[in-house]
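Protein chains in written order, with our numbering: chain A, 72 to 575; chain B, 72 to 575.
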């Protein structure tokens with residue numbers, strides 16, 4: 072009746088890492104416009120329609136094998152009796168139903184653990200959003216899908232054909248999302264390294280970590296961020312179980328124009344925006360460290376076979392230039408550091424990448440066993456900044472156009488903040504997730520992100536009154552970002568209107 | 072800055088008992104009518120008003136001492152920095168906002184653990200209930216207040232004077248709700264017994280339990296329910312962490328009239344209604360055991376000092392007559408069994424009561440340490456049925472009349488169903504809480520409760536066409552109960568209208 076599928080080792084490691092304070096799930100928040108001319112109670116009808124489909128698609132019917140304690144040798148069972156009403160939920164926002172109320176609800180939903188005795192996903196249909204809009208919040212355990220796969224899962228349900236497709240849990244997703252027969256990968260070997268790390272925890276302390284570059288055969292180079300250089304910050308503390316979620320939006324064309332003018336990539340501009348925002352935010356709190364904050368930037372690894380989903384990622388470290396006041400110099404530092412990190416990841420052997428990945432992931436993954444490790448050992452990096460490519464064209468779901476798509480990621484012990492960015496059509500959506508207790512005034516950080524982008528634009532695209540570039544309107548420092556959602560605080564939305572900018 | 076107050080032993084035991092599957096909190100659901108002539112967005116304004124008060128009242132500012140692991144020697148800290156937005160939450164029901172949507176939301180809220188690093192309470196203001204109504208769901212950890220004290224906490228906030236009193240967390244409740252200096256009680260000594268139970272777990276198995284009556288010095292009497300006589304049922308299984316909540320309402324005058332006619336108390340009628348309902352429900356599932364189900368019925372113990380709140384309760388066991396088809400014989404059996412249980416509790420010495428209380432509570436309290444105990448050992452009883460006296464007069468909250476007040480209690484390992492009853496003004500409100508996985512079709516059980524009351528009425532108050540009692544209208548089997556809220560299933564509200572019955 073039920074089938075068993077063994078968890079891939081890295082996926083199993085995400086289960087090991089789960090504690091009350093560090094639920095290991097990722098999520099997405101999609102905002103939709105109710106179609107013009109839709110019947111009354113459109114969202115309610117959509118709920119009833121979707122609820123009519125039983126759960127038949129992998130991995131939505133995967134459940135941890137209940138015969139085990141679920142921790143030591145986990146396996147998935149494929150179930151044909153999934154209790155859909157538990158996983159698919161219909162909610163509403165209270166008056167006045169603005170971005171603030173949406174942010175509060177999503178912060179709460181993101182703070183709740185998933186029940187490990189059931190398939191590890193939730194989809195919340197949320198009505199009552201101002202402007203005749205609704206939202207969908209999708210939550211998935213990291214053991215089920217990695218961030219990139221999750222992205223595809225969440226957008227797959229947006230049917231560009233405007234038709235009434237079955238919901239994602241009843242769609243035939245093909246082999247890509249199956250976990251069958253993909254246990255012997257690079258990360259399978261990497262798991263052995265994790266087991267060695269478990270036996271050799273002291274090697275994660277600063278003294279040993281300093282020599283890790285040599286250990287892994289990495290050349291010494293100034294631009295390459297060393298394992299031991301991240302400062303201690305207010306972001307690297309013991310976290311609790313409650314979350315705050317905040318969001319920010321930036322026009323993609325504008326980010327691309329800044330990148331071109333500065334000689335960097337979109338990712339460099341994203342890191343520079345984060346670096347500038349963190350410098351502002353920490354300065355205002357009087358908590359800016361002397362040395363630059365270090366970001367861990369995940370990158371997708373090549374997959375060895377088409378049918379593999381799972382957590383096939385590594386990371387490189389990049390300085391964020393938070394110690395540099397000049398935005399141009401800060402950008403240059405970030406660009407050099409990020410290039411060095413990426414190129415060394417390419418130069419490493421497959422085995423060295425596995426070692427390096429687990430060394431970086433280790434402290435987070437191990438916190439399930441040793442909750443204080445993430446705060447006792449010095450941080451290997453200060454926060455994770457993840458930049459995920461999203462859908463390029465505007466999507467619709469049952470006729471409703473998707474306005475925005477915010478990532479809502481996870482944090483870990485000693486890592487109280489995560490910034491994840493997804494591109495969608497003509498903009499980048501920033502999703503900020505933080506520990507409710509450790510990171511004060513999250514909304515200010517979201518606003519600072521917008522200000523940092525304004526600063527980058529003023530630096531690299533200064534207004535040229537006499538010779539404006541063709542096709543670009545003359546606009547100096549006029550903001551094209553808006554921060555939304557909420558951090559459980561009063562809304563501090565940018566009062567300046569969002570100006571559209573033609574793609575150039 | 073902060074003060075420390077040691078937890079009373081029984082309260083500490085409730086913390087020990089907490090696991091992912093068995094959150095140890097109790098709750099109440101109050102339904103209000105928006106006052107006639109209230110301004111638009113009355114509920115939103117009420118939320119804004121209440122949110123203006125910081126948390127200053129005990130025990131709403133009690134937090135477990137973070138310096139301890141929180142489990143071994145717990146103490147409360149009195150905090151002056153409680154994060155109100157975490158505890159006081161504003162929510163809304165989706166379309167159509169009926170009892171079903173309310174029940175689904177409350178089932179979800181009741182399934183979520185409270186964060187042990189914060190004060191152990193939540194108050195949810197819920198708008199969007201059909202008929203211009205709103206609801207308040209209050210959740211409290213059992214270590215903070217016992218059920219009876221919780222009741223008073225929840226009704227205290229209903230100001231009969233129709234004024235705008237401060238919310239409960241900012242009200243001066245007096246010493247009654249303080250936990251200061253009340254550690255040396257009967258239950259303090261009882262805690263020593265619990266520690267002995269920990270060392271002597273085998274004594275909880277059936278073989279030894281059979282002799283417990285003699286051990287405790289109880290006389291052998293046929294009517295007295297023996298420790299070993301509860302059958303195994305579908306209610307006595309390993310439970311998961313998700314809950315279903317269902318409700319039922321019965322006219323108090325009608326229950327009293329049945330009791331008078333049958334020569335029993337209101338509590339006897341409540342137990343008979345539950346017995347009749349469980350017989351119907353289990354028969355329909357083909358799961359009715361040959362022997363009668365046994366209920367554990369909590370009773371409040373005398374408090375030795377005025378300032379004591381806490382869990383000052385014991386319980387007696389009562390047969391529910393589920394093995395008897397005839398409603399009159401079933402009632403007689405319940406009445407005899409319940410009287411024997413109560414009178415023996417009175418005859419016992421104080422120390423014997425403490426032993427007896429902990430023997431009954433032991434398996435539930437110990438499940439935090441040994442999760443399977445509750446299912447491996449035979450059940451000492453099949454479910455807890457608790458009958459709590461509530462407010463006698465109609466209450467208002469900021470001008471809004473309270474229509475109903477449902478208890479939402481807790482369940483434990485091996486105890487998948489709880490029925491708690493509260494009286495309010497002219498009715499009894501039944502709150503049923505069950506494990507989402509173990510108890511199918513909760514709503515059917517709520518409907519069966521109404522049918523069982525109809526049956527009791529038909530038995531003891533038969534229609535007398537020729538000589539109707541003065542002041543009582545001629546009505547045969549016309550239903551005067553209604554089941555509401557939800558069990559995550561389609562609403563199955565009684566289609567027959569509620570008929571009012573004059574008090575006689």
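For every residue, glycine included, the Cβ atom is placed at its ideal position computed from N, Cα and C. Just so it is clear, the structure is predicted and the values come from calculations on it, not from any experiment.
Going by DSSP in three states, residue i sits in which element: helix, strand or coil?
i: residue 96 of chain A; result: strand
i: residue 369 of chain A; result: strand
i: residue 342 of chain A; result: helix
i: residue 397 of chain A; result: coil
i: residue 505 of chain B; result: strand
i: residue 266 of chain B; result: Residue placement at residue 266 of chain B cannot be trusted, given a pLDDT of 41 that sits under 50; the coordinates are not used to answer.
i: residue 175 of chain B; result: helix
i: residue 525 of chain B; result: helix
i: residue 412 of chain A; result: helix
i: residue 204 of chain A; result: strand
i: residue 181 of chain B; result: helix
i: residue 534 of chain B; result: coil
i: residue 402 of chain A; result: helix
i: residue 105 of chain A; result: coil
i: residue 124 of chain B; result: coil
i: residue 520 of chain B; result: helix
i: residue 117 of chain A; result: helix
i: residue 287 of chain A; result: Because the pLDDT at residue 287 of chain A is just 47, under 50, the model does not fix this residue reliably, and the value given afterwards should be weighed accordingly. Reduced to three states, the DSSP call for residue 287 of chain A is coil.
i: residue 386 of chain A; result: strand
Applying a beta-carbon distance threshold of less than 7 Å, which residues of chain A neighbour residue i?
i: residue 120 of chain B; result: The premise fails here: residue 120 of chain B is roughly 14 Å from chain A at the closest Cβ pair, so nothing lies under 7 Å.
i: residue 183 of chain B; result: 183
Quick one: list the residues of chain A neighbouring residue i, beta-carbon separation under 9 Å, in chain order.
i: residue 213 of chain B; result: Neighbours of residue 213 of chain B on chain A: none; closest Cβ ~18 Å, over 9 Å.
i: residue 495 of chain B; result: The contacting residues do not exist; residue 495 of chain B stays about 26 Å from chain A at best.
i: residue 352 of chain B; result: Per Cβ cutoff of 9 Å: no residues; residue 352 of chain B is ~20 Å from chain A at best.
Strictly by DSSP, which residues pair up with residue i?
i: residue 454 of chain B; result: B:366
i: residue 159 of chain B; result: B:194
i: residue 514 of chain B; result: Per DSSP, none; premise fails for residue 514 of chain B.
i: residue 467 of chain B; result: B:472
i: residue 490 of chain A; result: A:456, A:503
i: residue 12 of chain A; result: Since the first and last residues shown for chain A are 72 and 575, residue 12 of chain A lies out of range.
i: residue 209 of chain A; result: A:99, A:194
i: residue 498 of chain A; result: A:322, A:495
Name the chain B residues that come within less than 7 Å of residue i, Cβ to Cβ?
i: residue 199 of chain A; result: 163
i: residue 577 of chain A; result: There is no way to answer for residue 577 of chain A, as the model of chain A reaches only from 72 to 575.
In chain B, which residues lie less than 9 Å from residue i when you measure between Cβ atoms?
i: residue 311 of chain A; result: 186, 188, 189
Using a cut-off of 8 Å between C-beta atoms, extract the partners of residue i located in chain B.
i: residue 166 of chain A; result: 112, 114, 115, 163, 198
Going along chain A in order, which residues have a C-beta closer than 8 Å to the C-beta of residue i?
i: residue 593 of chain B; result: For chain B, the structure presents residues 72 to 575; residue 593 of chain B sits outside this window and is missing.
Quiz item: Counting pairs of Cβ atoms below 8 Å between the stretch 492–505 of chain B and the stretch 107–114 of chain B, do you hit three or more?
Solution: Cβ pair count under 8 Å is below three, so no.
Quiz item: If we count Cβ pairs, one from each stretch, closer than 8 Å, do we get three or more for the stretch 516–523 of chain B versus the stretch 308–321 of chain B?
Solution: Yes: the two stretches touch, three or more of their Cβ pairs being nearer than 8 Å.
Quiz prompt | the stretch 331–344 of chain B in contact with the stretch 479–489 of chain B per 3-pair CB rule at 8 Å | solution = Because the criterion of three Cβ pairs below 8 Å is not met, the stretch 331–344 of chain B and the stretch 479–489 of chain B do not touch.
Quiz item: Enumerated in chain order, which unbroken segments of the beta strand (DSSP E) with a length of 3 residues or greater are wholly contained in the stretch 304–352 of chain A?
Solution: As far as the stretch 304–352 of chain A is concerned, its whole beta strand (DSSP E) runs of at least 3 residues are 314–322.
Quiz item: Are three or more beta carbon pairs between the stretch 403–416 of chain B and the stretch 472–481 of chain B nearer than 8 Å?
Solution: Too few Cβ pairs lie closer than 8 Å, so no.
Quiz item: Quick check: the stretch 194–201 of chain A against the stretch 165–172 of chain A, are there 3 or more CB pairs under 8 Å?
Solution: Flag = yes, the stretch 194–201 of chain A and the stretch 165–172 of chain A touch.
Self-check item: contact_flag[the stretch 122–130 of chain A, the stretch 103–112 of chain A] where n(CB pairs < 8 Å) is 3 or more
Solution: No, the stretch 122–130 of chain A is not in contact with the stretch 103–112 of chain A.
Quiz item: Would you say the stretch 207–215 of chain A touches the stretch 174–186 of chain A, given that touching needs at least three Cβ pairs under 8 Å?
Solution: Verdict: yes, contact present.
Quiz item: Is the number of C-beta pairs between the stretch 455–464 of chain A and the stretch 299–307 of chain A that are closer than 8 Å three or more?
Solution: Flag = no, the stretch 455–464 of chain A and the stretch 299–307 of chain A do not touch.
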